[in-house]
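Undergrad: Okay, handing you the structure first.
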Amino acid sequence: MLAGRLHLKERALRMESVDVPEPGPEEVLIKVEAAGVCLSDVHLIEGGLTPRLLGGDVVTLGHETAGTIDRVGDRVEGWKPGDRVLLQAGQRDRLGTVYTRGVDYDGGWAEYTAARADTLVAIPDDLPFEQACIIPDAVSTPWAAITATAQVKAGDPVAVWGVGGLGAHAVQLLRLIGAAPVIAVDPLPAARERALAFGADFALDPGEAGRIRELTGGGLAVAFDFAGVPAVREQALTVLARGGKLILAGIANKPVTISSDSFFNYLKLSIHGHYGSDAEHVEELVRLARQKRLDLAGSISDVLPLADAPAAVERLQSREGNPIRLILRP
Numbered sequence: 001m002l003a004g005r006l007h008l009k010e011r012a013l014r015m016e017s018v019d020v021p022e023p024g025p026e027e028v029l030i031k032v033e034a035a036g037v038c039l040s041d042v043h044l045i046e047g048g049l050t051p052r053l054l055g056g057d058v059v060t061l062g063h064e065t066a067g068t069i070d071r072v073g074d075r076v077e078g079w080k081p082g083d084r085v086l087l088q089a090g091q092r093d094r095l096g097t098v099y100t101r102g103v104d105y106d107g108g109w110a111e112y113t114a115a116r117a118d119t120l121v122a123i124p125d126d127l128p129f130e131q132a133c134i135i136p137d138a139v140s141t142p143w144a145a146i147t148a149t150a151q152v153k154a155g156d157p158v159a160v161w162g163v164g165g166l167g168a169h170a171v172q173l174l175r176l177i178g179a180a181p182v183i184a185v186d187p188l189p190a191a192r193e194r195a196l197a198f199g200a201d202f203a204l205d206p207g208e209a210g211r212i213r214e215l216t217g218g219g220l221a222v223a224f225d226f227a228g229v230p231a232v233r234e235q236a237l238t239v240l241a242r243g244g245k246l247i248l249a250g251i252a253n254k255p256v257t258i259s260s261d262s263f264f265n266y267l268k269l270s271i272h273g274h275y276g277s278d279a280e281h282v283e284e285l286v287r288l289a290r291q292k293r294l295d296l297a298g299s300i301s302d303v304l305p306l307a308d309a310p311a312a313v314e315r316l317q318s319r320e321g322n323p324i325r326l327i328l329r330p
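Take 1 as the starting number for the sequence shown in full-length UniProt numbering and just add one per residue.
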């Protein structure tokens, strides 16, 4: 079968012919129907991210995957060939260590992939694979940031810095749960237009961020950094209301600076790190999609053949077309 394999020593993505994986007793073989292309994949290829738990130096990329069950292992119950599923972006071992699909073990940039049965989530027949595959990570990461880390409540004034693949969904999900107003901040006019289309009440250039206190009547309950830029964090801290939270969902690999501890302490502000999501967040989003509360059609910027994975990576690197999510279809 064809697979997109990352050779870590050279940081080279190669489309290669490899054996179809044989599922273990507690695994299923998935015929991949759609796989997302994420900035994390780009960072792995470029060297900004390195697998911590990979047993070797070559891995099939792809942590956003959906497809149909082809075969089931001897000990698998409750699943059968033909079932439509998405795959959680990772799995835990018996000690609780989290292994990430497409990073620490082979992922979905392939015609087939093996998956442990407890990482499957059933998807409804009317949810396209292209939309289902992005729920783990592209949608579940901001959902977990909003509901678990930030614990946003209806009526909370919020702002999202960086309206890319994660930030665009954050805007959509914040509106879904009733945050108000929802403000987007991004230097790109196309990104600001997208934020308004996804439900933002206001979309500002970073140079206009001073308006946030006026637009919210005093400041933000929660600011989300999905850009991973130090200047964003510094700016967001200046427009938080008393008790406000800054959620670091973007990764800058840089120090977090508090310019004034007296201001920070007086307003009782807080900074929270956030990474990924848990299994229940993906399951919640699938239920919302099943009930037609969550529409991800606008998130699919383009669908390309699996063989064009290197071209998809180049498009994401150059931000050609300002994509939300590019999808690979075997």
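Note that the Cβ used here is the ideal one computed from N, Cα and C, for glycine as well.
Just so it is clear, the structure is predicted and the values come from calculations on it, not from any experiment.
(1) Looking at the strands, I want to know which residues DSSP matches up with P305.
(2) Could you work out which residue in L267, D106 and A312 is closest to G321 when comparing CA atoms only?
(3) Distance, Cα to Cα, A179 vs D156?
(4) Can you check whether the CB of A154 is closer than 8 Å to the CB of F226?
(5) Evaluate the contact criterion for the segment 80–88 versus the segment 45–59: three or more CB pairs, one atom per stretch, below 8 Å.
(6) Straight-line CA distance for A89 to P124?
(7) Round the Cβ separation of G102 and H43 to the nearest angstrom and send it over; I've been treating them as touching at under 8 Å.
(8) Hey, how far is the Cα of A241 from the Cα of T50?
(9) How is the beta strand (DSSP E) around S270 delimited, first residue to last?
(10) Give every residue of the same chain whose Cβ lies closer than 7 Å to the Cβ of A252, excluding the five residues on either side of it in the sequence, and list them in chain order.
(11) Using C-beta distances below 8 Å, list every residue in its chain close to E111, excluding the 5 sequence neighbours before and after it, in chain order.
(12) Under 8 Å by Cβ, that's how I've got A190 and A168 pegged, so tell me the actual separation to the nearest angstrom.
(13) Among I300, L304 and A279, whose alpha-carbon lies nearest the alpha-carbon of V98?
TA: Looking at the coordinates:
(1) Paired residues: R329.
(2) Closest by alpha carbon: A312.
(3) The C-alpha of D156 is placed about 5 Å away from the C-alpha of A179.
(4) Between F226 and A154, the C-beta spacing is not below 8 Å.
(5) Flag = no, the segment 80–88 and the segment 45–59 do not touch.
(6) So the alpha carbons of these two residues sit roughly 19 Å apart.
(7) H43 and G102 do not touch by the CB rule: their CB atoms are close to 12 Å apart, not below 8 Å.
(8) Rounded to whole angstroms, the separation of the alpha carbons of T50 and A241 is 37 Å.
(9) Counted as a single uninterrupted DSSP element, the beta strand (DSSP E) harbouring S270 occupies residues S270 to G273.
(10) Excluding the 5 residues flanking it on each side, A252 has same chain C-beta neighbours closer than 7 Å at G228, V229 and P230, in chain order.
(11) Excluding its 5 nearest sequence neighbours in each direction, E111 has C-beta neighbours in its own chain below 8 Å: M1, L2, A3, V20, K31, V32, L306 and P330, listed in chain order.
(12) With a Cβ gap of about 11 Å, A190 and A168 do not count as contacting.
(13) Comparing Cα-Cα distances from V98 to each of I300, L304 and A279, the minimum goes to A279.
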